[in-house]
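Numbering (my numbering), first residue to last: 108 to 487.
Built from N, CA and C at the ideal position, the CB exists for glycine as well.
In what follows, a single structure is set out as structure tokens and then discussed.
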Amino acid sequence: MNIVNPFFWICLGIVPFVCFGNIVMLIAVRKNPQICHNRGINIAFTVMLAVADLGTAFVTFPLKSMSYFIESDINKNLTLCLIGSEIISFTAIISGLSLSCIALEKYIRVLHPYLRTEITTKRCLIIVGVMLILAGGLSFSPAMGWNTYTDDMNDSFHCSKVTIHPLPYTFLVITCILISVVITTFCYSQIFITASRQQKQLVLEKLRFKDNQNNLESKKNDSSMFKKSQTKKTCQVHHNCYKRNCHLKIVKTGIMVLGPYFLTWVPSLTLTAIIPFKKDSGNMLVYMTLHHCCFILILLQACVNPVTYVLRMKGFRRALKNVFARNVNFRHVHERSNLISEKENTLNHSIRHVCMTLVSLHIQLSKAGSKECLYVSQSE
Numbered sequence: 108m109n110i111v112n113p114f115f116w117i118c119l120g121i122v123p124f125v126c127f128g129n130i131v132m133l134i135a136v137r138k139n140p141q142i143c144h145n146r147g148i149n150i151a152f153t154v155m156l157a158v159a160d161l162g163t164a165f166v167t168f169p170l171k172s173m174s175y176f177i178e179s180d181i182n183k184n185l186t187l188c189l190i191g192s193e194i195i196s197f198t199a200i201i202s203g204l205s206l207s208c209i210a211l212e213k214y215i216r217v218l219h220p221y222l223r224t225e226i227t228t229k230r231c232l233i234i235v236g237v238m239l240i241l242a243g244g245l246s247f248s249p250a251m252g253w254n255t256y257t258d259d260m261n262d263s264f265h266c267s268k269v270t271i272h273p274l275p276y277t278f279l280v281i282t283c284i285l286i287s288v289v290i291t292t293f294c295y296s297q298i299f300i301t302a303s304r305q306q307k308q309l310v311l312e313k314l315r316f317k318d319n320q321n322n323l324e325s326k327k328n329d330s331s332m333f334k335k336s337q338t339k340k341t342c343q344v345h346h347n348c349y350k351r352n353c354h355l356k357i358v359k360t361g362i363m364v365l366g367p368y369f370l371t372w373v374p375s376l377t378l379t380a381i382i383p384f385k386k387d388s389g390n391m392l393v394y395m396t397l398h399h400c401c402f403i404l405i406l407l408q409a410c411v412n413p414v415t416y417v418l419r420m421k422g423f424r425r426a427l428k429n430v431f432a433r434n435v436n437f438r439h440v441h442e443r444s445n446l447i448s449e450k451e452n453t454l455n456h457s458i459r460h461v462c463m464t465l466v467s468l469h470i471q472l473s474k475a476g477s478k479e480c481l482y483v484s485q486s487e
């Protein structure tokens, strides 16, 4: 097999980072169940997003390499060609649905907190299962017979030169992703608007408190009334209420996650919609090159997601520190136990050597004593 495409080496350099980041995040969630309690129900959707990113690295990249990047007979296999492209569609749909579910959970937590008790772990897992079934059924439908492949393409079929996905399938996938983007954008925009209004109200309350305090000092009312009003106003404008990250941190995290997703999948979806109309033109090589660039963007987006959660979420940072601290402590304990065992072995060897020396001296002394007794008896 001759690797003739430089895109293969670029993707091969990105895949290890994708695997490392998402696997470490899953280990942190597994080793620190407290994240699930602190972060809420959306940890299930975060795990599903990480698993989808790992699927891109472990499954999509090898199949795409065999179908597009490596010149072999495998890229003429209809099943592998379909599965490679369908897993990309499955990853896009699952990632979009995961982001929209995370955004909905945050939207309910901020704007409708009384409904938060209705979102249980069991219902969340049911939603995850339904999403996997629907996304899998839609994504893998071309492999089940919904494609434009005919017997006339048997000799000329090639993954990188022919597209066999029907147009309704392409537009259904695009519609699912766009719906997810719209839901996510709506939820985070509503959270941002609410946070901005709260910030303005807090600033107005702070100014009003200062004006009331000045008026009270100027009028010099009764000291008891003044103390009561001051205590009441001070409680309303406690310094903890003026933190600038009141729900704005949620919006920033959403933008950092949704932005790369939007920048990644919009070019890919655009090319997916254009390629069926250009499949008979001479510029197919240009479109396939752009398609490879979009796949590199998909891998980069899968690599950025865990970094975003680690940078923005204190719980994930604490969990990662605990994981690495446990590994370091285990290494120190292992090294210390090895050192202690080496010292014990050295001490045992020294004790054994001393014992052997004493035994040999005892034998020599006993022999010398027996000789002296024999000599005395002979002289007598």
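Straight-line measurement puts the Cα of V235 at about 23 Å from the Cα of Y221. Membership of R216 in the alpha helix (DSSP H) is indicated by the continuous run 185-218.
For N254, there is no enclosing alpha helix (DSSP H), as DSSP marks it with neither H nor E. Here DSSP, grouped into helix, strand and coil, assigns I271 to coil. For I121, the uninterrupted alpha helix (DSSP H) segment begins and ends at 113-138. Membership of L245 in the alpha helix (DSSP H) is indicated by the continuous run 228-246. Going by DSSP, A157 is part of the alpha helix (DSSP H) stretching over 150-162. Between the C-alpha atoms of L245 and K213 there is a straight-line separation of about 28 Å.
Taking C-alpha positions only, C410 is separated from A135 by approximately 16 Å. Excluding five sequence positions before and after L378, the CB atoms of its chain that fall closer than 8 Å to its own CB belong to Y394, L397, H398, C401, given in chain order.
For N129, same chain residues with a beta-carbon under 6 Å away, outside a window of 5 residues either side, are A157, D160, L161, P413 in chain order. L206 sits close to T291, with the two beta carbons spaced by under 8 Å. Within the same chain, Cβ atoms closer than 8 Å to the Cβ of I281 are found at L376, T379, A380, the five residues on either side in sequence being excluded. By the beta-carbon neighbour count (other beta carbons within 10 angstroms, threshold 16), V237 is exposed. F165: not part of any alpha helix (DSSP H); DSSP gives it neither H nor E.
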